[in-house]
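One structure is given below, encoded as structure tokens.
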Amino acid sequence: MMKQANYISMLSDSCFKYLFKKEEFRPFFEDIIKYITGIDSKGYHLVDNELNIGNNKRKDYRLDILLEKDNHLISIEMNRFLYPHTSIKNHAYLYRLAGSNYAKSENYKKKYTWQINFNNCRSEHGNIIKYEFCDKKYNLVIEDIKDYEIYLLNYKGVRYNGTNKSEMYLAMFTAESYEELEEIVGESKEGRRMYEELKKLGIDDKYDAYYDAEVIHRKELNTVRLEGQEEGYASGSKNKGKEIAKNLLHMNLPIEDVMKATGLSRKEVNQLAHRIN
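Position one of the sequence shown corresponds to residue -7 (this note's numbering), numbered consecutively onward.
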């Protein structure tokens, strides 16, 4: 008997990275990047996504995808689950990437850094929102850093009609079953190839185990957060908040931002900052 395919969501970190690293599917993501930013990412190379933040004893998995070409960087984050600290965390990575060569002093080379956040939620303000650093008084814009926020659920319900390839690609991330995914891609050859690959992953025992482990881990994190809300910060949630706070403080984020991201009090954050210093 043929094994029933376990549905593999394109929103998962493991699936997103797997597909992006396969050369045959790179044009799919290049089309999406160009649609969102106008940037032709052909010729960009994929950087090791396990960037190290200075701790030589362990790898850091905070970045999903990082592309580089000369002095241009494109950071891509898949935000399947959004928490109060998600945008702060992602923007902190963006700023660190933009200034990652500052220690080279006179050999410093300016970096043009763009971040693309795939957000699994809706927005009433638009499907794609582009943020830039600007001074409102003088209307000056810093062109080196840009942030693109994609609200995937705004594309929920889109079906391929022969002319809406880019919108259809983004709608694929919202599918919750193979049946829905097949409806979305319709007669699109590129969409069908992605659909067939996902079905193969769904019957691959090794990948299935990896995918399930990610899902279980996410459920455990969500459970801790829910328990924390219901029980006034259970110890597990409290400890997690402190770990997040330490990381944000290491990035030199303001105390107020750390408080918002973690729910910790000013006194607790100050105590953690004092220990770090």
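Positions of the beta carbon are idealized from the N, C-alpha and C atoms, including for glycine.
Query                                                                                                                                                             : Result
Applying the 10 Å Cβ sphere with the 16-neighbour rule, what's the burial state of residue 96?                                                                    : Only weak support exists for where residue 96 lies, its pLDDT of 49 falling under 50; the coordinates are left without a value.
I'd like the list of long-range same chain contacts for residue 265, defined as Cβ closer than 8 Å, with 5 residues on each side in sequence excluded.            : 241, 247
Can you check whether the CB of residue 162 is closer than 9 Å to the CB of residue 24?                                                                           : yes
Taking C-beta to C-beta, are residue 20 and residue 186 nearer than 9 Å?                                                                                          : yes
Rounded to whole angstroms, what's the CA-CA distance from residue 261 to residue 80? Just pull it up for me.                                                     : 16 Å
Could you check if residue 130 is buried or exposed, using at least 16 other CB atoms within 10 Å of its CB as the buried criterion?                              : exposed
Give me the residue from 110, 117, 139 with the minimum Cα distance to residue 125.                                                                               : 139
Rounded to a whole number of angstroms, what is the C-alpha to C-alpha distance between residue 146 and residue 171?                                              : 20 Å
Which residue marks the beginning of the beta strand (DSSP E) containing residue 140, and which one marks its end?                                                : 132 to 143
What did DSSP end up calling residue 116 once you bin it into helix, strand or coil?                                                                              : coil
For residue 256 and residue 82, what's the separation of their Cα atoms in angstroms?                                                                             : 19 Å
Could you tell me the alpha carbon to alpha carbon distance between residue 17 and residue 267, rounded to whole angstroms?                                       : 46 Å
Return the CA-CA distance between residue 144 and residue 235, expressed in angstroms with no decimal places.                                                     : 29 Å
Could you pull out every residue in the same chain whose Cβ sits closer than 8 Å to the Cβ of residue 111, ignoring the five residues on either side in sequence? : 71, 74, 141, 142, 143, 144
For residue -1 and residue 173, what's the separation of their Cα atoms in angstroms?                                                                             : 10 Å
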